[in-house]
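With the first letter of the sequence shown counted as 1, position 364 gets the number 529 in our numbering; the numbers rise by one all the way through. Following: one structure in structure tokens, then a few remarks.
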Amino acid sequence: MTTTEPATVDTALSKLVGEKTAKALAGHLDLHTAGDLMYHFPRRYDERGEHTDIRSLDVGEQVTVLAQVQRTAVRPMRQRRGNLLEVTVGDNSGGTLTLTFFGNQAWRERELRPGRWGLFAGKVTEFRGKRQLNGPEYVLLGEGGEGEVAASEEVEEFAGALIPVYPAAAAVPTWVIARCVRVVLDTVTPPDDPLPASMRAGRKLVGIGTALREIHRPSSKEELYRARRRLKWDEAFAVQLTLVRRKLRAASSPATPRPAKAGGLLDAFDARLPYELTPGQRDVGVEIAADLATPHPMHRLLQGEVGSGKTVVALRAMLQVVDAGGQAALLAPTEVLAAQHHRGMLDLLGPLAQAGELGAADDATRVELVTGSLGAAARRRALAEVAGGRAGIVLGTHALLYEGVDFADLGLVVVDEQHRFGVEQRDALRSKADQPPHVLVMTATPIPRTVAMTVYGDLETSTLSQLPQGRSPIASHVVPAAEKPAFLDRAWRRVREEVTAGHQAYVVCPRIGEGPAAEDEPPPEDDNGRRPPLAVTEVAPLLADGPLHGLRIGVLHGRLPADEKDAVMRSFADGDLDVLVATTVVEVGVNVPNATVMIVLDADRFGVSQLHQLRGRVGRGSAPGLCLLVSEAAEGSSARERLDAVASTTDGFKLAELDLEQRREGDVLGASQSGHRSHLRLLSLLRDADLIRDARVEALALAEEDPELARHPALAASVAALVDEERAEYLEKG
């Protein structure tokens, strides 16, 4: 160590492991301080008796495998001078891997003799059907026999019962990280434990110093379990404490009460509704009505399956606010959806939305649409209605957030498909009210209970699980296009049959086509040699000239001008188009009851929840819906299994759990929402539900007793490190 000061978690790695290694750790793994490295936890642990399953390796993956040399072979290279050393290694799973080394490798052949165990790191490639690592980094484990590796540090590091394998990079293999971790653990003073002693004792949690040492150099499986439990607790507790404190702050801030009014707009609306509300809609309506009547701002999440009737619930809440003299704004993610909400609400309200017009009801209000594509005159008129308070209900996209959009008395903000909006966008709309408005956020993406508790923990949650009467079942099937091309031909014939029967169809593609990515298009992915995803602009003409020749085909995607998007959607809704070829711009809220079939091309390129959302666009009328998931994914592959799961159930909550299992936990917790590295890396929202629940109980008790953490400064600092301000904003959700 080159410094005279005692090393702490804030000490730069360059002072502990040398400039060159520190530079590699910083450049490749974003690790800069001793604390960063201490919180860079092993991905897994290999055991000398339980070796890595080589058969599970994927081509293109950067891996570290624990394996035994089985045989070596030297052969001349065909294209250039010199020899090629091929070393076959295997493990107890029966899998084998070929290691290839170029040039004169006689010394390496002597070292890598059959029977030796080692750790081998590199990128998995495939050559003539065999998986291999080209020129891998490796370290051999000492067997106590003759010819043992002289690098005793590595042997000592990796010859223990539990061998840590770290998230690594080609330039910084796992054993280099392990060596650096050992230096840090041996020289750095552990941080003071931020958790109150009473909580540690009550929850049987080991100290932070012990946990950090044991997670990197476990003395036994039991000690490793205890270390991981403590560090998971820290993550869960930090998130829950952040959310609980925000919830308590929000509950204490003032808001204008918006109580229900007998004989007002809401009662008139209920009287003219052409159908019965479901029991669920009525129950949730009572919860929201009670929240709106309190002098503190409502913060409520309304989740419900596609088609469960969330929009009517939101409209009833908006009418209650208008009855109480306020205005309500609904923020939609796309112009297509905002325009559809506008049309739908005008239809439902009828004369109740025609204030100032002949034939309007006595209590009528106005419903205004504010989007970026409004012409100058229409925009001026709409903004005047909003600013003057004559428009009780205002619908729009992020155009509502711009300067110049002023409300007379904004009482309620409804955010539709809230995951499409950033916190700063929601805050911009809230800031347009004199006092904090009530907030209702809606999502059709079912949320597992532990995710709701963790990510939406500062919101009260209401769930609509029943579908309104008259909704038809949706059948879903996987169409294996590569194995059975005839099935795809049958799918197109099925579209023609539905159109002949007077119905309509969607064809969904993952990409728009040439040009820059648009709002409804995911960024291009690294396809590992797969063809590019199918694109709307390429598929539509092929269908028009081929299997759907003669049908009226429209195209919809996020790069079209807004007025053109609206015109296409209106044509489809009015039945002037038979088939709509679109991106996921149709994923949320688009309501065409006459559409009965959807074909999703390259379905394996979409997430589970996204596919569930998409298929909710069909079966919205009296005729049954059909969703065909077309994919070239091979039978038995994880992509195909995911599609089979979607086809097997319409239970959105089951699918949400599956989606959560297959996504990185960090995405759920907002780690990918910013450029910052997240310290939330051990907690599993599925496996650690009980621990999260316990952490919430402790967080509530502590926050109620000491909301500013004035008596717990070390804990406040620890929470800030684990859940930085940007992530805390992400967690706020509305």
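By construction, the Cβ of each residue, glycine as well, lies at the ideal position given by its N, Cα and C atoms.
Take the Cβ of residue i as the centre, count every other Cβ of all protein chains shown within 10 Å, and call the residue buried at 16 or more, exposed below.
i: residue 187; result: buried
i: residue 641; result: buried
i: residue 656; result: buried
i: residue 796; result: buried
i: residue 671; result: buried
i: residue 417; result: exposed
i: residue 300; result: exposed
i: residue 385; result: exposed
i: residue 126; result: What is shown of the chain runs 166 to 899, which leaves residue 126 out entirely.
i: residue 883; result: buried
i: residue 596; result: exposed
i: residue 297; result: buried
i: residue 215; result: For residue 215, the pLDDT reaches just 48, beneath the cut-off of 50, and the residue's location in the model is therefore unreliable, leaving the point undetermined.
i: residue 568; result: exposed
i: residue 485; result: buried
i: residue 872; result: exposed
Tell me the DSSP secondary structure of residue i in three-state form.
i: residue 327; result: strand
i: residue 666; result: coil
i: residue 175; result: coil
i: residue 483; result: helix
i: residue 430; result: helix
i: residue 242; result: coil
i: residue 463; result: coil
i: residue 296; result: strand
i: residue 640; result: strand
i: residue 214; result: Caution is warranted here: a pLDDT of 44 is assigned to residue 214, below 50, making its placement in the model unreliable, and no coordinate value can be reported.
i: residue 193; result: helix
i: residue 563; result: helix
i: residue 206; result: coil
i: residue 888; result: coil
i: residue 862; result: helix
i: residue 708; result: helix
i: residue 570; result: coil
i: residue 288; result: strand
i: residue 275; result: helix
i: residue 492; result: strand
i: residue 446; result: helix
i: residue 904; result: Outside the displayed span of the chain (166 to 899) sits residue 904, for which this structure offers no information.
i: residue 874; result: coil
i: residue 847; result: coil
i: residue 223; result: coil
i: residue 456; result: helix
i: residue 270; result: coil
i: residue 645; result: strand
Rank the options by C-alpha distance to the C-alpha of residue i and give the top, closest one.
i: residue 862; options: 403, 267, 564; result: 403
i: residue 780; options: 786, 772, 790; result: 790
i: residue 519; options: 301, 555, 543; result: 555
i: residue 236; options: 428, 265, 211; result: 265
i: residue 919; options: 700, 420, 500; result: A query on residue 919 cannot be resolved here, the shown segment of the chain reaching from 166 to 899 and no further.
i: residue 283; options: 210, 296, 232, 766; result: 232
i: residue 285; options: 540, 652, 230; result: 230
i: residue 470; options: 608, 449, 742; result: 608
i: residue 256; options: 269, 221, 652, 225; result: 221
i: residue 601; options: 577, 581, 624; result: 577
i: residue 859; options: 226, 270, 388, 400; result: 400
i: residue 461; options: 190, 345, 603; result: 603
i: residue 847; options: 398, 361, 787; result: 398
i: residue 132; options: 447, 192, 734, 808; result: Residue 132 is absent from the structure shown; the chain starts at 166 and stops at 899.
i: residue 653; options: 756, 476, 712; result: 712
i: residue 799; options: 489, 482, 649, 201; result: 649
Against chain D, does residue i count as a neighbour if the rule is that its beta carbon must be under 8 Å from one of theirs?
i: residue 785; result: Judged by its chain identifiers, the structure shown contains no chain D, having just a single protein chain.
Three CB pairs or more closer than 8 Å across the segment 236–254 and the segment 277–285: Short answer: they touch.
Residue ranges of each alpha helix (DSSP H) within the segment 334–385, 4 or longer: 339–352, 362–367, 373–381
Every unbroken beta strand (DSSP E) within the segment 728–783, with a cutoff of 3 residues, ordered by chain: 744–747, 760–765
Touching by the beta-carbon criterion (3+ pairs, under 8 Å), the segment 563–582 and the segment 511–527: no
Whole runs of the alpha helix (DSSP H) within the segment 496–541, excluding any shorter than 4 residues: 500–514
Stretch pair the segment 168–183 + the segment 337–355: three plus CB contacts closer than 8 Å: yes
contact_flag[the segment 656–670, the segment 500–520] where n(CB pairs < 8 Å) is 3 or more: no
The segment 199–211 / the segment 328–346 touching (three or more Cβ pairs under 8 Å): yes
Length at least 4, wholly inside the segment 795–819: the alpha helix (DSSP H) runs in chain order: 803–813
Segment contact, 8 Å Cβ cut-off, at least three pairs: the segment 361–381 with the segment 392–399: yes
Contact between the segment 736–748 and the segment 711–719 (3+ Cβ pairs under 8 Å): yes
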